[in-house]
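Note that full-length UniProt numbering has the sequence shown beginning at 1, numbered continuously upward.
Structure, as structure tokens:
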Amino acid sequence: MPVVVPSKARPEREREREREGAMSNPRTEQYGGDGAPAPSCEESETSPLLIGQTPSQSDLNIHGVVKQRPDPIAAGRITTAERVWLFVGIFLVGYAYGLDSQVRGTYQPYATSSLNLHSSHSTINVLRSVVAVASQPTAAKIADIYGRFETVVAAILLYVLGTALEATATSVELFCAGAILYQIGWTCIVLLLEVLVADFSSMRSRVFFSYVPAIPFVFNTWISGTVTSAVLRVTSWRWGIGMWAIILPVCSIPLLTSLYSFGQQSRKSESHPAEPKRAAVDLFHQLDAVGLAILVAAFSFTLAPLTLAGGTASHWKSPAIIFPLVFGLLCIPAFIFWERRHAQVPLIPFRLLKDRGVWSALAVRSLLNFAWSTQGNYLYTVLVVAFDFPIETATRILSFFSFFGVFSGVMVGVVVYRTRRLKGIIITGACIFTASFGLLVLYPGGATSASQSGLIAAQIIMGLAGGLFAYPTQASIQASADHEHVAVVTSLYLSVFNVGSALGNCLSGALWTQLLYPSLEQNLAFQPNGTLAQAVYNSPFATIEHYPVGGKIRDAIIDSYKDVQRLLCIAGLCICVPMVGFAFALRNPRLSEEREIQYWYLGISRPCSGFAARPVPDQGAADPDDLRDGYYVTNVTKPKLHPTGSRIMPQMMGSSRALSEKAML
């Protein structure tokens with residue numbers, strides 16, 4: 001553990017030797033920690049974000065109070081049993097929210113159908129995605145200031161409250177409100193689990209450990225269908241959703257005990273804990289509340305009206321559609337202006353976005369979700385109505401993307417651990433993912449065995465491809481940032497994940513509401529029931545029970561759903577093309593073994609495992625005596641010496657308070 005030593009106590013001869021070494025050694029030379037030359041830049045592509053890393057202003061609040069980041073040094077001190085118990089807790093929470101998300105994806109169409117407004121399914125999903133976008137950076141910053149334990153508890157409370165409200169809703173509006181609260185809690189939990197994995201794993205093993213909360217999808221895929229069919233057979237969707245208000249808090253007990261224990265250890269080591277009142281004021285500025293509100297308004301008022309304008313009657317000329325749409329569009333330049341000119345702590349880290357390792361990874365992830373959500377938003381309804389799958393089978397197929405993604409992703413994690421490279425795997429996954437949409441276009445619907453087999457094959461291929469580049473892309477963007485920015489880029493990555501979902505839900509909802517009802521009216525014009533098209537559109541599950549497969553009416557319904565789903569898949573295929581291009585733009589760093597430890601000496605930085613050493617910008621070979629408050633950092637063990645005799649100073653980026661306050665270079 002680094003300790004702080006007064007510089008006055010250092011022998012004069014040692015300081016002189018370091019001064020002479022600094023003058024005789026050009027700062028452009030690259031050395032390894034043992035005196036050997038460091039790997040060249042050609043051997044390992046390194047992000048500029050890893051060059052010249054100093055504790056950034058984001059690591060301090062605006063009043064100079066250090067944020068309560070998890071201490072990587074403490075992370076290295078925990079015992080094996082504590083680490084195992086932590087990952088057991090992560091696994092259990094991942095199992096609970098994973099199974100819940102899979103079965104809730106089945107229950108929600110039944111809920112909107114029973115409330116006689118099935119088309120509002122896309123609107124609810126758009127709003128859920130929008131609040132998820134806002135929840136990501138908010139949760140990350142709250143966790144940095146108040147701690148992981150407190151943030152997880154708050155997220156679980158929102159999760160439970162939203163679930164209870166959904167289960168008891170008597171209108172679409174109440175159900176939507178519950179879905180928003182649930183989504184905030186769910187999103188925060190997912191983000192915090194990913195950040196915890198990043199805190200307690202090396203870059204080399206991070207892809208593998210990132211799948212710990214996702215591994216339950218392997219089991220849940222086959223369990224989810226049985227659960228949904230059993231619940232809907234003996235009760236309603238209300239109990240199917242409501243039971244998770246009990247299950248998730250119980251499953252979170254091991255994780256909460258671990259985080260509480262780590263929090264207690266961290267508090268004991270803090271010499272200057274932040275005052276609650278000051279922390280609250282700082283939180284307001286750190287969250288960029290104004291920018292966050294403008295961002296949510298921009299997405300909500302722009303995307304939601306697009307899913308509501310169609311339906312059984314056109315509403316494009318309605319003021320209820322026009323005014324929100326115009327207001328949402330005006331919020332976009334307003335958000336950019338605020339972030340550029342007035343935000344004290346910008347919501348969007350523009351400096352990070354300048355690095356292609358960051359913006360290309362963000363583009364890949366957002367387009368992945370954009371494409372998937374476009375074809376997957378109404379997939380369950382299409383499976384039941386157009387493919388005539390039973391509830392159990394349809395629920396399982398809906399989970400194929402997660403199941404096969406985890407299966408291939410775990411294998412990829414092992415491969416990455418050996419090869420330490422990501423880019424080739426990501427490009428391969430993006431190309432296969434694009435090819436799977438070709439099958440979806442060929443088999444958009446039909447109750448024949450050929451159509452059903454084609455759809456299943458396409459979903460399997462899509463899932464396997466997703467596992468090749470979803471989590472590896474996350475590891476890639478984390479490798480492009482230093483430790484102090486891991487939580488920020490992770491939250492940004494998961495935010496664009498939800499931006500892609502919002503765009504996909506919006507596009508699919510707009511096409512669905514604009515095209516399905518006219519198609520049903522046209523295809524069902526031969527029969528005398530003038531209200532049948534409206535009944536199928538608003539409550540498809542209850543209506544199709546009266547029209548079995550093989551009849552003319554059911555065939556006409558299938559044709560309408562099939563035509564719309566084909567257009568959704570074609571749109572998804574078009575979205576995949578730029579995604580592949582962005583995959584080629586990614587960096588290809590050699591992943592390190594250590595947890596973000598860096599050595600600083602004579603203005604030259606070198607990560608402890610494999611990254612190319614490069615000069616620190618605007619930072620010459622300064623005398624170590626120039627360190628703030630006359631302190632320098634050394635190690636408990638004898639520090640290594642540069643060939644010129646200069647001392648190497650280990651620094652754990654974004655970690656202990658002593659390093660942040662006393663050893664800012």
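C-beta atoms are modelled at their ideal positions from N, C-alpha and C, and glycine is treated no differently.
These numbers were taken from a predicted model, which means no experiment stands behind them.
In the displayed model, Val234 falls within a helix according to three-state DSSP. It is roughly 40 Å from the alpha-carbon of Tyr547 to the alpha-carbon of Ser408. Between the alpha carbons of Phe387 and Phe262 lies a distance of about 51 Å.
Between Thr490 and Leu292, the C-beta spacing is not below 8 Å. The C-beta distance from Gly185 to Leu165 rounds to 12 Å, too long to meet the 8 Å contact threshold. Residue state for Tyr146 is assigned as helix, using DSSP reduced to three classes. In this structure, Gly405 lies near Gly466, with their beta-carbon atoms less than 8 Å apart.
Going by C-alpha positions, Trp244 is about 8 Å away from Val160. Taking the C-beta atoms as reference points, Val385 is found no nearer than 8 Å to Tyr517. Residue environment analysis places Gly424 among the exposed positions, since fewer than 16 neighbouring C-beta atoms fall within 10 angstroms of its C-beta. Counting along the chain, no alpha helix (DSSP H) covers Ala214, and no H or E run does either. The segment 121 to 136 makes no contact with the segment 223 to 230: fewer than 3 CB pairs, one atom from each, lie closer than 8 Å.
Here Leu455 is buried, its C-beta having at least 16 other C-beta atoms within 10 Å. As the crow flies, the alpha-carbon of Ile124 is around 40 Å from that of Leu591.
In the three-state DSSP reduction, Glu545 falls in the coil class, being neither helix nor strand.
Taking all protein chains shown into account, Gln183 has 16 or more neighbouring C-beta atoms within 10 Å of its C-beta and is therefore buried. Distance from the CA of Ser449 to the CA of Ser366, rounded to the nearest whole angstrom, comes to 34 Å.
Counting along the chain, no alpha helix (DSSP H) covers Ile78, and no H or E run does either.
Between the alpha carbons of Phe284 and Ser453 lies a distance of about 53 Å. Comparing C-alpha distances from Ile253 to each of Ile332, Leu507, Leu92 and Cys431 shows the shortest one belongs to Leu92.
From the listed residues Gly550, Ile461 and Ile348, the smallest Cα separation to Gly446 is found for Gly550. In summary, Lys141 is buried, with 16 or more beta-carbon neighbours lying within 10 Å of its beta-carbon over all protein chains present.
Listed in chain order, the alpha helix (DSSP H) runs fully inside the segment 518 to 573 are 532 to 538 and 540 to 544, counting runs of at least 4 residues. Counted as a single uninterrupted DSSP element, the alpha helix (DSSP H) harbouring Thr395 occupies residues Ile391 to Leu398. Here Leu383 is not near Ala371, since their CB atoms are 8 Å or more apart.
Secondary structure of Asp282 (DSSP, three-state): helix. Using a 10 angstroms sphere on the CB of Ala430, the tally of other CB atoms reaches 16 or more, which defines it as buried. Our two residues, Met579 and Leu192, have alpha carbons roughly 27 Å apart in a direct line. Judged by DSSP secondary structure, Val190 falls within the alpha helix (DSSP H) whose first and last residues are Val172 to Asp199. Gly530 counts as exposed, since fewer than 16 other beta carbons sit within 10 angstroms of its beta carbon. Under the three-state reduction of DSSP output, Gly405 falls in the helix class. Thr374 is positioned such that its CB atom lies closer than 8 Å to that of Ala571. If you compare the alpha carbons of Tyr471, Ile477, Val564 and Ile544 with that of Gly509, the shortest gap goes to Val564.
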